[in-house]
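Mapping of the sequence shown onto our numbering: residues 67 to 387, in sequence order. Some notes on the structure that comes next.
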Amino acid sequence: MKQDHEIPIFFSIDDAYAPFLAVALCSAIKNSSPARKYRAIVLYREVSDENIRKISALASGRDNFIIDFVRMENGMESITDRMSNRLRCDYFTLTIYFRLFIPIMFPEYDKGVYVDSDVVIDRDIAELYDTDIGDKLIGACADLSVADVPELVSYMEDAVGVKKEEYINSGVLLMNLRELRRVKIDERFLNLLSEYHFDCIAPDQDYLNAMCNGRIYYLDECWDVMPNDGKAPFEGKKLIHYNLFSKPWCYDGVQYADDFWRYAEESGYYLQIKEYKDNYSDDRKHADGECMALLVRRGKEISETEVTFKKMFEAGVKIRL
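Right, dumping it as structure tokens:
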């Protein structure tokens with residue numbers, strides 16, 4: 067592989083997530099190799115000029131790392147604020163869908179990495195990028211964060227139509243952009259959305275699982291390690307994903323919190339993040355608990371509805387790519 071080959075790393079945010087993106091980027095930059103070239107591409111709809119300036123400054127003086135902000139234009143008018151489109155059942159943002167349009171938006175790349183902004187990257191991301199996934203559409207890790215919740219396992223298997231050990235988390239994706247363009251993932255997604263508008267508990271993730279199942283390369287768990295109080299700390303972690311409600315900027319005692327705060331100190335947002343945590347009220351924590359309970363309840367309810375990915379697939383609808 068040519069050492070001057072540019073590695074595209076895609077993120078998607080709104081203003082509310084700018085501080086946490088800064089932490090993720092700080093970790094990626096600190097662990098980058100001077101022998102490689104990286105381009106972080108931040109997809110957004112509304113981000114303040116001040117946040118763009120502060121985040122862009124993280125790469126100042128770096129010859130091997132650049133940060134670009136790319137505004138998402140029209141094309142997603144059909145995605146509206148309804149329960150089936152909400153992240154964690156409580157938060158509507160179009161940013162979660164941006165990853166599905168990366169292949170068509172960036173034809174100059176045949177391969178790329180997509181990473182959620184609630185992560186720290188504790189190893190050179192080039193190591194993930196260099197993984198050979200052959201003709202698979204995406205590389206991703208099995209979602210172990212919900213594999214021990216019976217209602218959500220039922221949802222994966224009976225609604226999405228994917229075995230629990232094959233259901234992936236979409237927060238870290240190694241994308242075969244050339245092949246995703248060839249199969250027109252963006253068109254398939256928009257067609258399914260407009261025709262069936264499947265009820266989901268993890269909207270972008272469920273569509274990706276339903277469409278890509280059978281053509282997924284399963285990455286080592288080290289690339290999507292999530293806090294789990296029921297397990298010992300993961301040895302050899304390379305990327306930590308503070309998934310669902312396991313946010314060290316909201317709660318004390320989150321597994322791997324020290325890793326987050328170590329990078330946060332150099333992100334330019336440390337005081338702002340600390341203030342956010344200090345002001346995270348008991349009411350908000352109670353609301354988080356209610357949202358998690360709702361997510362689990364909806365998992366069971368959706369599995370019993372008439373229009374699910376699995377039922378439509380079994381009826382002959384072209385779901386998979």
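All C-beta atoms, glycine included, are put in the ideal place defined by N, C-alpha and C.
Range covered by the beta strand (DSSP E) that runs through residue i
{"i": "residue 207", "result": "204-208"}
{"i": "residue 235", "result": "234-241"}
{"i": "residue 185", "result": "185-187"}
{"i": "residue 305", "result": "305-307"}
Identity of the residue in the options nearest residue i by Cα
{"i": "residue 379", "options": "273, 294, 187", "result": "273"}
{"i": "residue 368", "options": "185, 225, 71", "result": "225"}
{"i": "residue 267", "options": "279, 220, 315", "result": "220"}
{"i": "residue 230", "options": "114, 237, 241, 210", "result": "210"}
{"i": "residue 362", "options": "322, 288, 214", "result": "214"}
{"i": "residue 240", "options": "322, 193, 253", "result": "193"}
{"i": "residue 234", "options": "251, 200, 290", "result": "290"}
{"i": "residue 81", "options": "102, 103, 121", "result": "121"}
{"i": "residue 386", "options": "296, 236, 251", "result": "251"}
{"i": "residue 307", "options": "101, 236, 278, 164", "result": "236"}
{"i": "residue 334", "options": "74, 89, 355", "result": "89"}
{"i": "residue 199", "options": "176, 212, 76, 186", "result": "176"}
{"i": "residue 332", "options": "112, 310, 123", "result": "123"}
{"i": "residue 357", "options": "258, 263, 311", "result": "311"}
{"i": "residue 227", "options": "238, 197, 370, 292", "result": "370"}
{"i": "residue 287", "options": "383, 208, 375, 372", "result": "208"}
{"i": "residue 73", "options": "163, 196, 166, 186", "result": "196"}
{"i": "residue 293", "options": "222, 325, 377, 218", "result": "325"}
{"i": "residue 303", "options": "313, 317, 315, 321", "result": "321"}
{"i": "residue 350", "options": "329, 317, 373", "result": "317"}
{"i": "residue 117", "options": "164, 102, 79", "result": "79"}
{"i": "residue 100", "options": "138, 328, 191, 115", "result": "191"}
Beta bridge counterpart(s) of residue i as assigned by DSSP
{"i": "residue 108", "result": "77, 135"}
{"i": "residue 178", "result": "241"}
{"i": "residue 22", "result": "Residue 22 lies beyond the range of the chain shown here (67 to 387); nothing can be said about it."}
{"i": "residue 291", "result": "306"}
Span of the alpha helix (DSSP H) around residue i
{"i": "residue 118", "result": "115-122"}
{"i": "residue 328", "result": "323-330"}
{"i": "residue 195", "result": "191-195"}
{"i": "residue 93", "result": "84-96"}
{"i": "residue 344", "result": "336-344"}
{"i": "residue 218", "result": "216-220"}
{"i": "residue 17", "result": "In this structure the chain extends from 67 to 387, so residue 17 is not present and cannot be described."}
Residue i Cβ short of 6 Å to the ligand ADP heavy atom set
{"i": "residue 339", "result": "As far as ligands go, the structure on display features none, and thus does not contain the ligand ADP."}
With contact counted as at least three CB pairs below 8 Å, one residue from each stretch, are the stretch 195-210 and the stretch 277-286 in contact? yes
How about the stretch 78-93 and the stretch 334-345: do they share at least three Cβ pairs that are nearer than 8 Å? yes
What alpha helix (DSSP H) runs, 4 residues minimum, are completely inside the stretch 259-283? 269-278
Would you call the stretch 164-175 and the stretch 240-254 in contact, with 3 or more CB pairs under 8 Å? yes
Whole beta strand (DSSP E) runs in the stretch 352-379 with 3 or more residues, listed along the chain? none
Check whether the stretch 86-105 touches the stretch 115-132, taking contact to mean three or more Cβ pairs, one atom from each stretch, closer than 8 Å. yes
Contact between the stretch 102-109 and the stretch 130-139: three or more CB pairs below 8 Å? yes
For the stretch 251-266 against the stretch 179-197, are there 3 or more C-beta pairs whose distance is under 8 Å? no
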